[in-house]
Amino acid sequence: MMGTVTWHNLERNKMQADEAFRQLSVEFNVDQTLIQKALDQAQSTLRINKEIEALINELVAAKARNSRIKVYAMSNIAEDHFLCLQKVPFLWSVFDKVFTSFNAGMRKPDLSFFRYVIEQTGCNPRNTLYLDDKPENICAGRALGLRGEIVSRDGRTRVCNLVRNLLFNDAFSRAEHFLRSNARHLHSVMETGAEDVVFKDNYAQLLIWGLTGMEDIIYLTWPDGVTQGLDEEKDSPDKMLVGENQSISLSTASASVDTGRHSTTDHPIPSGLEVNLWAYFGQGTVGTTGTFPRDFDTTSIAYVTVPQAYLQRLAAPSVIAEIMFAHRDSDGLMETYFGTHRPRVSPEVCVNIFRFLNKFGDAVGLPSLDVSDARIAPSKELIINTLAYRAVLYGSRFYTEPEAFLYFVSMLYCECKENSPQFAAELKMHLEPALMERLHVQTNPLALAMRIRSCQLMNVKEQFVQSDLESLLEMQQADGGWPAGHFCRTGRSGLNIGSRGLTTALMWRILKDYKL
1 MMGTVTWHNL ERNKMQADEA FRQLSVEFNV DQTLIQKALD QAQSTLRINK EIEALINELV
61 AAKARNSRIK VYAMSNIAED HFLCLQKVPF LWSVFDKVFT SFNAGMRKPD LSFFRYVIEQ
121 TGCNPRNTLY LDDKPENICA GRALGLRGEI VSRDGRTRVC NLVRNLLFND AFSRAEHFLR
181 SNARHLHSVM ETGAEDVVFK DNYAQLLIWG LTGMEDIIYL TWPDGVTQGL DEEKDSPDKM
241 LVGENQSISL STASASVDTG RHSTTDHPIP SGLEVNLWAY FGQGTVGTTG TFPRDFDTTS
301 IAYVTVPQAY LQRLAAPSVI AEIMFAHRDS DGLMETYFGT HRPRVSPEVC VNIFRFLNKF
361 GDAVGLPSLD VSDARIAPSK ELIINTLAYR AVLYGSRFYT EPEAFLYFVS MLYCECKENS
421 PQFAAELKMH LEPALMERLH VQTNPLALAM RIRSCQLMNV KEQFVQSDLE SLLEMQQADG
481 GWPAGHFCRT GRSGLNIGSR GLTTALMWRI LKDYKL
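Residues in the sequence shown are numbered from 1 upward in steps of one, following UniProt numbering.
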């Protein structure tokens, strides 16, 4: 009945209720009194949606802080039904004005009704969020420039998050609250297929530190074994959290999956020097062998991340570079691990090694990445070809998504464009189209955050990134953080690894630099 011309005329106030019900009784061959009875019963079942009510309360608070925020209602409804609706205990004062079809003589999805509301409110459609549960109404609103978003029964949480982040402008402050309230506990997560294993690693902590500059929220196990920011009693290395309330023995986890990585004793490093090299895991291993080799990736990230004052407690960059140059495979490519028995090459690791070499330049005997040097030429070619031919389209051995490679290359470009302009120009030539191709491609939250940050570093226009950014904003959770997602993985077993702390740190930095 509500889809008939008769009902629409009732909502437009072109027909009184008695006349409309009489016509409907004829059209549907139903007793007129039954129509009224059905409507009365339907109206008696109306209940407040608690999730939307909570959002309304936030809107009230937001309006009190910012007079520019206006909230309007636009409803297809007959006068009698509207009077009945107002008896429901709802915070009607949140609306600056309510536009009804019976008052306007128009109804959604009439474009005239939308034009009328836009004119009466004086709103700029491009700066106005319009919510509705009917696709045809969203279509009409968007046709006039409104930011229309569908509100489905199972999508209310997404829309509530969108309203909070677009209108309240507090995604950044909520992200920072998450990072600080979870300081020293921004652990990584390994997806095991059953319950996720939560563990501690240096790698994600260094990335978080580099993004936020907040030393007080991260923990590290330095190469010499000294821990920073770890509560030894609460953060015992003998146990790793699984889910929320269970634990798994490290030795059990180590025995369950063999990634094929070698022992730390199997590498040609002079006695005593090993303690100056960084390891991926902070305390104990999980999901791999009991011992785990120190690696070029974590070491490079550490050297380009820690403040200058901390470098004095690390080995001289020239010493590290000498070992890096000594660890090249038969193709001349930089390897991943400090060792000889498990040679592995990863384009992402090569990029981070180049970031290290670029930062320390003269100190490592390589003042510019533009120079012709046999020690780096094969790895340089690998980086460029990986970009040009989209070699990591499906990830690589140690990284799950192409966004990880693009993210590290974006940072390499920004860091080397001054002292290595030729190499930087070649990177940019391939990097920009590679990033544009990835826009709007569905992926997990952490990879999506890496993509947006890469675009930001490369000065991709914000309007091109807007859709991806808003998709990620919708994923912000009630505690202010984002889901862990994943960006790297174990070698042989391929178990994905992510971090809520890292995803949130990326979004914190993105929002900070966009000033959202």
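Glycine included, each C-beta is placed from N, C-alpha and C at the ideal position.
Whole-Å CB distance - residue i paired with residue j, under 8 Å assumed
i       : j       : result
Ala-505 : Leu-472 : With a Cβ gap of about 13 Å, Ala-505 and Leu-472 do not count as contacting.
Arg-438 : Glu-470 : Not quite, the Cβ-Cβ distance comes to about 16 Å (not below 8 Å), so this is no contact.
Ser-467 : His-430 : Incorrect: roughly 23 Å between the Cβ atoms, too far for contact.
Glu-27  : Thr-6   : 7 Å
Arg-423 : Asn-352 : The sequence given here has Phe at residue 423, not Arg. Incorrect: roughly 15 Å between the Cβ atoms, too far for contact.
Glu-415 : Asn-358 : 6 Å
Leu-406 : Leu-366 : The pair is not a contact, with the Cβ atoms about 24 Å apart (cut-off 8 Å).
Met-458 : Glu-418 : With a Cβ gap of about 16 Å, Met-458 and Glu-418 do not count as contacting.
Arg-164 : Ile-52  : Not quite, the Cβ-Cβ distance comes to about 12 Å (not below 8 Å), so this is no contact.
Thr-336 : Glu-401 : 18 Å between Cβ atoms; not a contact.
Residue i in three-state terms, based on DSSP
i       : result
Asp-297 : helix
Phe-281 : strand
Val-198 : strand
Cys-123 : coil
Glu-149 : strand
Leu-393 : strand
Phe-408 : helix
Asn-137 : helix
Ile-48  : coil
Ser-67  : coil
Gln-477 : coil
C-beta contact flag for residue i and residue j at 8 Å
i       : j       : result
Phe-95  : Val-71  : yes
Gln-32  : Ser-25  : yes
Thr-299 : Ile-320 : yes
Arg-174 : Gly-480 : yes
Thr-303 : Phe-292 : The sequence shown places Tyr at residue 303, not Thr. No; because the gap between Cβ atoms is not below 8 Å, this pair is not in contact.
Phe-102 : Glu-79  : yes
Phe-360 : Met-334 : no
Arg-115 : Leu-85  : no
Ser-454 : Ser-396 : no
Thr-305 : Leu-179 : no
His-88  : Leu-131 : Before going on, a small fix: residue 88 reads as Val here, not His. Cβ distance not < 8 Å, so Val-88 and Leu-131 don't count as in contact.
Glu-348 : Tyr-389 : no
Lys-108 : Ala-73  : no
Proximal residues to residue i (C-beta, below 8 Å), its chain only, five neighbours per side dropped
i       : result
Asn-9   : Met-15 and Ala-20
Ile-384 : Glu-426, Leu-427 and His-430
Thr-4   : Leu-24 and Glu-27
Val-465 : Leu-439, Ile-452, Cys-455 and Gln-456
Which residues DSSP lists as bridging residue i, in chain order
i           : result
Ala-73      : Val-98
Thr-227     : Thr-221
Ser-188     : Phe-199
residue 518 : Past the edges of the chain, shown from 1 to 516, lies residue 518, and the structure says nothing about it.
Arg-12      : Note: Arg-12 sits in no beta bridge, so no partner.
Tyr-399     : Cys-488
Asn-496     : Arg-489
Asp-132     : Ile-150
Residues of its chain near residue i, where Cβ-Cβ distance is below 7 Å and the 5 sequence neighbours each way are ignored
i       : result
Thr-128 : Leu-146 and Arg-147
Met-475 : Pro-445, Trp-482 and Pro-483
Glu-191 : His-486, Leu-495 and Asn-496
Ala-183 : Asp-216 and Ile-217
Ile-301 : Tyr-203, Leu-206, Leu-207 and Asn-352
Close-in-space but distant-in-sequence residues of the same chain around residue i (CB under 6 Å, 5 per side omitted)
i       : result
Arg-509 : Leu-211
Arg-375 : Phe-325
Trp-222 : none
Gly-501 : Leu-186 and Ile-208
Ser-420 : Ser-368, Leu-369 and Asp-370
Ser-256 : Residue placement at Ser-256 is flagged as unreliable, the pLDDT there being 27, under the threshold of 50; a coordinate-derived value is accordingly withheld.
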